[in-house]
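In our numbering, the protein residues as written are 2 to 123. Where a beta carbon is used, it is the ideal one built from N, C-alpha and C, also for glycine. Since the structure comes first, as structure tokens, the remarks are kept for the end.
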Ligand code: FES
């Protein structure tokens, strides 16, 4: 049912945690299940230097967030802003249809964190 990449990122999630004095923080609550995702960003020279996440979500949400962090670290803010939910799911070699809403949390929380970063910069 789950791809090897999903199982890998679920059992060994990358970039879990919190960044103190983050440059941007974003949170998203799933309208489907009520689970939540929080993303912390450290940005230097418009590049995402560090990213961490915390989630009260299921295994698919954990795997999606872990993959999302790997996809955007080292990228520019503009590149990260256009990362889509579909691209996260594709990078995991797909997710079962009932779990696609879980993967949406990852990119949505990332985009919220970027908006927060941009608002903080004024
Ligand atoms: Fe809520 Fe997956 S069931 S995030």
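Could you tell me which residues DSSP pairs with residue i in its beta bridges?
{"i": "residue 41", "result": "26, 53"}
For residue i and residue j, I'd like the C-alpha separation in whole angstroms.
{"i": "residue 112", "j": "residue 59", "result": "20 Å"}
{"i": "residue 25", "j": "residue 46", "result": "14 Å"}
{"i": "residue 100", "j": "residue 61", "result": "7 Å"}
{"i": "residue 21", "j": "residue 93", "result": "29 Å"}
{"i": "residue 39", "j": "residue 116", "result": "13 Å"}
{"i": "residue 89", "j": "residue 70", "result": "10 Å"}
{"i": "residue 68", "j": "residue 121", "result": "26 Å"}
{"i": "residue 78", "j": "residue 49", "result": "7 Å"}
Between residue i and ligand 1, is there a pair consisting of the residue's CB and a ligand heavy atom that are separated by less than 6 Å?
{"i": "residue 31", "result": "yes"}
{"i": "residue 58", "result": "yes"}
{"i": "residue 109", "result": "no"}
What do you get for residue i, buried or exposed, if any count of 16 or more other CB atoms within 10 angstroms of its CB means buried?
{"i": "residue 85", "result": "exposed"}
{"i": "residue 98", "result": "exposed"}
{"i": "residue 75", "result": "exposed"}
Figure out for me which residue from the options has the closest Cα to the Cα of residue i.
{"i": "residue 8", "options": "37, 87, 64, 28", "result": "64"}
{"i": "residue 81", "options": "17, 122, 118, 18", "result": "118"}
{"i": "residue 32", "options": "23, 72, 11, 103", "result": "103"}
{"i": "residue 52", "options": "37, 27, 16, 95", "result": "16"}
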